[in-house]
Amino acid sequence: MKKRNRLQLDEQGRLKHFLTIEGLNRQLLIDILDTAESLTSISEQSIKKVPLLRGKTIVNLFFEASTRTRTTFELAAKRLSADVLNINIQASATAKGETLLDTLRNLEAMHCDMFVVRHADSGAAHFIAQHAAPHISVINAGDGQHAHPTQAMLDMFTIRREKGEFHRLTVAIVGDIRHSRVARSQIHALSMLGVEDIRIIAPKTLIPTEPDAFGVHVFHDLREGLRDVDVVIMLRLQKERMRGASLPSEHEYFQRYGLTEAKLELAKPDVTVMHPGPINRGVEIDSEVADGPRSVILQQVSHGIAVRMAIMAMAMQQRPPETAEGERR
Amino acid sequence: MNAKELDINPPLNHVAESLSALLESRNIQHPIMIGIHTGGVWVAQQLHQRLRLQEPLGTLDISFYRDDFTRVGINPQVKPSTLPPSIDDRHIILVDDVLYTGRTIRAAMNELFDYGRPASIMLAVLVERDGRELPIQADALGQHITLEAGEQVKLQGPEPLTLSITRLRVPTA
């Protein structure tokens, strides 16, 4: 944790890399949310751009397919006036280590300033942050089953917009918690921001092996877990889990863990329904709920742009010019 | 830090009068007044009242347009800019409390042009001090002050609005 902290923050405690929520602090998370709040006004301008990152080059380095995350990162970078390069690399399992470093060196030689990394291996963003040149910032856009911190922050932003304060909330996360980097980051962010009652709801096979380490309340029954919650976050059921025999069938999963209007009645009347997308209609969530008045699924997408703008801008501040840094190296 | 308070009314009256004369000579009927956060908004509120302007007062936060962002970083408490739905072909009065290097005004103009294409922009400031770094000057000015090294002029408000010259104990290098 200590090491991660040193890697993510500079000597003055400012953000340098954004790799995981762990090791950050409450004030920094609040600063991200506040900055994102200010940045939302840009979408009201006729020219939806501010010059904060003018002249910076940001590389979207995606080793794993993604549409929503990559496009919102791209849009966020462009609204900050940065130049964006999208690189999709289908990682071959064999030659990973060395190829990755070679890729890095080549991009550094092109004078890039920031890497936004998505990778199927846990720890890939950390690895890149450790090996990148000192002037480069790395943002984790999802690594294996480890972390997806920008998704967690846009979810926190959405919750704050809907509910105002975090303290007295009861937030339930439903679905494949064990394999979900989104859930992991959400739990860390929720607890850092002071949410007292964090619940995870899933069949036994999809609960992390040591749930106590996260300080959450575990439920195996959706109805029981939904009682009086303020926010319910549904996770996508990855179809490959079905083949891996962790689960019975889609139909049975929906019967027991799918969110329907009827089950939602057990939650608070003003409950907010969230989902990081892409949604599997009729598997983890009923269309009636996903498209219903309590769903903020599409707002989450818009908020993703502002939150990613905030994180990118904060990670790029206080960077000395590249040449000076290079000389010191 | 010790402070010397200045009477705010003479410069406030003076900038209001020059602005009024300027609008008349240029035959501008319905200008849009925009104050720059934070001090400029306070001054603009006063001027807006004195000139009995009809259009609602706009505000501008230039934090995202500063040219020293990479050096000073981002302030999470940026206030929202509130501008009328369209500033296209409108006459704008930009208001700030202190005109110093001119960089704030440059940033403000850059931001304005991201909202639309105004017919004209004029600049009204309460006080100006020496030290301009850009070719920017006020169209309506309350007062010019000459400061000694290490002195700063500061507007505090919003209620009451006070203008004072402060001397930093340790002169800036």
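Chains A and B, in that order, give the protein sequences. In this text, residue positions in the first sequence follow this note's numbering: the first is 1, and each later residue adds one. In this text, residue positions in the second sequence follow this note's numbering: the first is 1001, and each later residue adds one. Ideal placement from N, C-alpha and C gives every residue a C-beta, glycine not left out.
For Ala1108/B, verify whether its CB is less than 7 Å away from any heavy atom of the ligand FAD.
Absence of the ligand FAD from the depicted structure is noted, as is the absence of any ligand whatsoever, leaving it without description.
Ala93/A (DSSP reduced to helix, strand or coil):
Confidence at Ala93/A is low in this model, with a pLDDT of 46, below 50, so the placement of that residue is unreliable and no value is reported for it.
Report all residues from its chain with a CB closer than 8 Å to the CB of Leu206/A; omit the five preceding and five following residues, and keep chain order.
Gly175, Asp176, Ile177, Arg178, His179, Arg241, Ser246 and Leu247
Please confirm if Lys163/A has its CB atom under 8 Å from at least one CB of chain B.
no
Let me know the secondary structure DSSP gives Ser137/A once reduced to three states.
strand
Considering Arg1103/B, what are the terminal residues of the alpha helix (DSSP H) in which it resides?
Arg1103 to Tyr1115
By how many angstroms is the C-alpha of Arg184/A removed from the C-alpha of His336/A?
With chain A covering 1 to 329 only, the question about residue 336/A has no answer from this structure.
Neighbourhood of Pro1084/B by C-beta distance below 8 Å, restricted to the same chain and skipping five residues each side:
Only Ile1032, Glu1055, Pro1056, Gly1058 and Arg1090 meet the Cβ criterion.
Starting from Phe62/A and walking both ways along the alpha helix (DSSP H), at which residues does that stretch end?
First-last for Phe62/A: Thr57 to Phe62, but that is the beta strand (DSSP E), not the alpha helix (DSSP H).
Does the beta carbon of Val1078/B sit closer than 8 Å to a beta carbon anywhere in chain A?
yes
Report all residues from its chain with a CB closer than 7 Å to the CB of Ser1020/B; omit the five preceding and five following residues, and keep chain order.
Leu1051
Is Gly1116/B close to chain A, meaning its C-beta is less than 8 Å from at least one C-beta of that chain?
With respect to chain A, the C-beta atom of Gly1116/B has a partner C-beta closer than 8 Å.
Check each residue of the segment 45–77 of chain A: if its Cβ is closer than 7 Å to any Cβ of chain B, include it; give the result in chain order.
Gln45, Ser46, Ile47, Lys49, Val50, Pro51 and Leu52
Where the segment 195–226 of chain A meets chain B: residues whose CB sits under 7 Å from a CB there:
none
Terminal residues of the beta strand (DSSP E) in which Ala156/A lies:
Sequence check: residue 156/A is Met here, not Ala. Here Met156/A belongs to no beta strand (DSSP E); instead the alpha helix (DSSP H) covers Pro149 to Lys163.
Just how far apart, CA to CA, sit Ala324/A and Arg26/A?
Model confidence at Ala324/A stands at a pLDDT of 38, short of 50, so the residue's coordinates are unreliable; what they give is reported in the following sentence. Near 32 Å, if we compare the C-alpha coordinates of Arg26/A and Ala324/A.
Please list the partners that Asp31/A has in chain B, where partner means a Cβ-to-Cβ separation under 7 Å.
Listed along chain B, the residues sitting closer than 7 Å to Asp31/A by beta-carbon distance are Pro1076.
Does DSSP put Ser295/A in a helix, in a strand, or in coil?
strand
Leu1147/B vs Ala1108/B beta-carbon contact at 8 Å:
no
Mind listing which residues of the segment 1075–1106 of chain B have their C-beta closer than 7 Å to chain A's C-betas, in chain order?
Going along the segment 1075–1106 of chain B in chain order, one finds Pro1076, Gln1077, Val1078, Pro1080 and Ser1081 with a Cβ nearer than 7 Å to chain A.
Spatial neighbours of His131/A within its chain, please: CB distance less than 8 Å, with the 5 preceding and 5 following residues excluded, ordered by chain position.
Only residues of its own chain outside the window of five on either side were considered, and among them Leu101 and Leu104 have a CB closer than 8 Å to the CB of His131/A, listed in chain order.
So, is Gly225/A buried or exposed, given that buried needs 16 or more other C-beta atoms within 10 angstroms?
Classification of Gly225/A: buried, given that the 10 Å Cβ count is 16 or more.
Counting pairs of beta carbons, one from the segment 290–306 of chain A and one from the segment 30–40 of chain A, are three or more of them closer than 8 Å?
yes
Does any CB atom of chain A fall closer than 8 Å to the CB of Gly1073/B?
Contact with chain A is found for Gly1073/B, since one of that chain's Cβ atoms lies less than 8 Å from the residue's Cβ.
Classify Ile187/A as helix, strand or coil using the three-state DSSP reduction.
helix
If we cut at 8 Å on Cβ distances, does Gln8/A have a partner in chain B?
no
Span of the alpha helix (DSSP H) around Gln1045/B
Gly1039 to Arg1050
Please confirm if Ala147/A has its CB atom under 8 Å from at least one CB of chain B.
no
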